[in-house]
Amino acid sequence: MPLIRIERRTHLSAGEAWRRLTAWERHARHVPFTAITVATAPPTRVGTRFTARTGVGRAGFDDPMEVVRWEPPARGRPGRCRLEKRGSVVLGWAEVEVSPVDGGALVVWREEACVRGLPRPMDAPTAWVGRLLFGRVVTGLLRDS
């Protein structure tokens, strides 16, 4: 799938936006038919692993991820997190960057994921759906308290 890029400005501080975007379990509130289980003890750090289970009943798939970069925002420096998708169905990565800006923060979410076995002509529709879904997730997480 082509690279997905979601950008949002928020009135939240960079630290608060970061906290909301990296509360992994809360992502499930904004992704239909999905539950998230964190496999490692808090706090989040390089090596944290979690799985998003999407489906209904027995029909579904796991999207296991691991944090491979973890740099929370500090002293005017942007925060950066990178997740590697390690599943048998979904492969790829996601990056979250939160930068302090006047009056709040700028969030940039980048994601490149491929669904194993999906033919190349499906890249464009898959990217379109991905932009809608991840845009909804980012917007929802920034609105949550």
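In this text, residue positions in the sequence shown follow this note's numbering: the first is 19, and each later residue adds one. Backbone N, C-alpha and C fix where the C-beta goes; we use that ideal spot for every residue, glycine too. Note that the coordinates shown come from a computational prediction; the quantities given were computed from them, not determined experimentally.
Boundaries of the beta strand (DSSP E) around residue 80: 77-89. Non-local beta-carbon contacts of residue 113 in its own chain, meaning distances under 6 Å to residues more than five positions away in sequence, involve 100 and 128 in chain order. Counting only the Cα atoms, residue 20 lies some 30 Å from residue 31. Here the alpha carbon of residue 93 sits roughly 27 Å from the alpha carbon of residue 102. Closest option to residue 71, judged by alpha-carbon separation, among 85, 49 and 64: 49. DSSP links residue 110 through a beta bridge to 103 and 131. For a cut-off of 8 Å, the C-beta gap from residue 90 to residue 36 is around 6 Å, short enough to register as a contact. With at least 16 other beta carbons inside 10 angstroms of its own, residue 118 counts as buried. Around residue 53, the same chain offers 46 and 71 as residues with beta carbons nearer than 7 Å, after the five sequence neighbours per side are excluded. For residue 34, the uninterrupted alpha helix (DSSP H) segment begins and ends at 32-39. According to the DSSP secondary-structure assignment, residue 138 is paired through a beta bridge with no residue.
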